[in-house]
Structure formats: C-alpha cells, structure tokens
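Remarks on the structure that follows.
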Amino acid sequence: GLLSEVCGPPGVGKTQLLTQLCITNSLIYPESSIIYIDTENNFSSKRLLEIASEKFLNKEKSEEDLIKMTKIFLFLECEVITRNASLLIIDSLASIVRREYTGNDSSILHERSLFLSKCSSKLKTIAE
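Counting along the sequence shown from 1, when you hit position 41 you're at 41 in full-length UniProt numbering, and nothing is skipped either side.
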C-alpha cells in the first residue's frame, strides 16, 4: 500500500485531482470500492459525473481527539478490508486540524504537528 499527500493553496485543483483519481481507479479496479471522505462538504456528485463523462468535534484536545481519530481509523481499516477498497481518499485532513487547533502559538502548532503525524502514521498502516 501507498500513502500520498496532495497539498497546495486553495483553488489549484486538489479536489479535482482526487475526483479524477476516483474515476481512474474505478476503471482500473471495477470490482473494488472507493471510500471518499470529504471533511469540507465540497464533494459534488454532479462534478464527478461531469469529469467522468469527459474522461469533529470537541474543544477538549489531545487524548480525546486521538481516541476519536483512533476509532475512526479502526472503522476505516475495517471498511477498506470488508469492501475490498483499492482507494481511500480523505479530503481534507488538514481542514479538521485547522478547525480544532486554532491559533499560532508554539504549543498549539506543536500539538497540531503531533496530531497530523499520528494520523499519517495510522493511515500508512491502513495502506499497508
């Protein structure tokens, strides 16, 4: 399994790229499922069809957030296995972190970094 991160400023086409990836993946692996998690509520099934035709949360941080994310990742791992998913997309993990860890003081930035690191590690485990 592989873990990839797509990043860039707003409006450069990250979501469009992921939508195209869904379409391509479904053509290559027609018997598998795709799990698409849209944390910003921007997913457009209309846009998906257009492209196809052309080609949490609590203010109590740290432990509680980590427990919630662990439960979510365990659920995702089960879903990936039971649905024989060949692709899992989370659009976007960064938006969850931005909502939950607001501010620029060094302790918040450190917490945010640790949280993202733990999430990335778990996603890599799921990918394998």
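Backbone N, C-alpha and C define an ideal beta-carbon position, used for all residues, glycine too.
What you are looking at is a predicted structure, and each value in this text was computed from that prediction instead of being measured.
Quickly, what does DSSP pair residue i with across the bridge? List them, please.
i: L88; result: I35
Is it true that the CB of residue j sits closer than 7 Å to the CB of residue i?
i: I89; j: L18; result: yes
i: L3; j: A127; result: yes
i: A52; j: I28; result: no
Per DSSP, what kind of secondary structure is residue i in: helix, strand or coil?
i: L57; result: Low confidence applies to L57: its pLDDT is 35, below 50, so where it sits in the model is not reliable enough to give any reading.
i: C78; result: helix
i: T102; result: coil
i: F43; result: coil
i: T19; result: helix
i: S26; result: helix
i: R83; result: coil
i: E128; result: coil
What do you get for residue i, buried or exposed, if any count of 16 or more other CB atoms within 10 angstroms of its CB means buried?
i: S44; result: exposed
i: D91; result: buried
i: V12; result: exposed
i: T15; result: buried
i: I96; result: buried
i: C7; result: exposed
i: L109; result: exposed
i: L114; result: exposed
Please look up how many angstroms separate the CB atoms of residue i and residue j, rounded, as I've assumed it's under 8 Å.
i: E79; j: I35; result: 6 Å
i: L87; j: L21; result: 7 Å
i: S32; j: N84; result: 5 Å
Considering only heavy atoms of the ligand MN, does any lie closer than 6 Å to the CB of residue i?
i: G13; result: Among the components modelled here there is no ligand, and therefore nothing to report on the ligand MN.
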